[in-house]
Amino acid sequence: MAHKKGQGASRNGRDSNGQRRGIKCYGGETVEPGYIILRQCGTKFIPGRNAKMGRNCDIYATATGVVTFVGKRVHIEPVGAAKPAAAAPVAAPAKK
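With positions in the sequence shown counted from 1, the corresponding number in the working numbering is that position plus 945.
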């Protein structure tokens, strides 16, 4: 066997391209229906409100709203569904 490598004989250089997995829309971002929120392998995250899982386990939005992550769940909070504000205090009738 030769103790020196011949020209052009490369044993390295075999690597696959990245699959571009990960979170695409972070918490607090506004999304529309069809936006991909994250790409994953398996069920690291699971869909919550207004989100669905595709055949390849991607999670995408089904409604317009803001992305929120709660534990392993991914929710889309609707834009128009603001939390109800406290009722304004009623002014006492003026004394005469």
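Glycine included, C-beta positions come from ideal geometry on N, C-alpha and C.
Quick one: what's got a C-beta closer than 6 Å to residue i's C-beta in the same chain, skipping five residues either side?
i: Thr1009; result: Glu977, Val1024
Does DSSP put residue i in a helix, a strand or coil?
i: Tyr1005; result: strand
i: Gly967; result: strand
i: Ala996; result: strand
i: Val1024; result: coil
i: Arg959; result: coil
i: Thr975; result: strand
Thinking C-alpha only, which one of the options is nearest residue i?
i: Arg1000; options: Ser961, Cys986, Gly963; result: Cys986
i: Ile981; options: Lys989, Pro1038, Cys970; result: Cys970
Since residue i and residue j should fall inside the 8 Å C-beta cutoff, what is the C-beta to C-beta distance between them, to a whole number of angstroms?
i: Glu974; j: Val1012; result: 5 Å
i: Thr1007; j: Lys997; result: 5 Å
i: Phe1014; j: Gly979; result: Actually they are not in contact, since the Cβ atoms of Phe1014 and Gly979 sit about 19 Å apart, beyond 8 Å.
Locate the beta strand (DSSP E) running through residue i, then write down its first and last residues.
i: Val1015; result: 1010-1015
Looking only at its own chain, which residues have a Cβ that is under 7 Å from the Cβ of residue i, when we skip the five neighbours before and after it?
i: Arg966; result: Arg984, Gln985, Cys986
i: Glu907; result: Nothing can be reported for residue 907: it is not among the residues displayed for the chain, which extend from 946 to 1041.
i: Pro992; result: Met998, Ile1004, Val1019
Got a sec? Which residues, its chain only, sit under 8 Å from residue i by beta carbon, not counting five neighbours each side?
i: Ile968; result: Ile982, Leu983
i: Thr988; result: Met998, Cys1002
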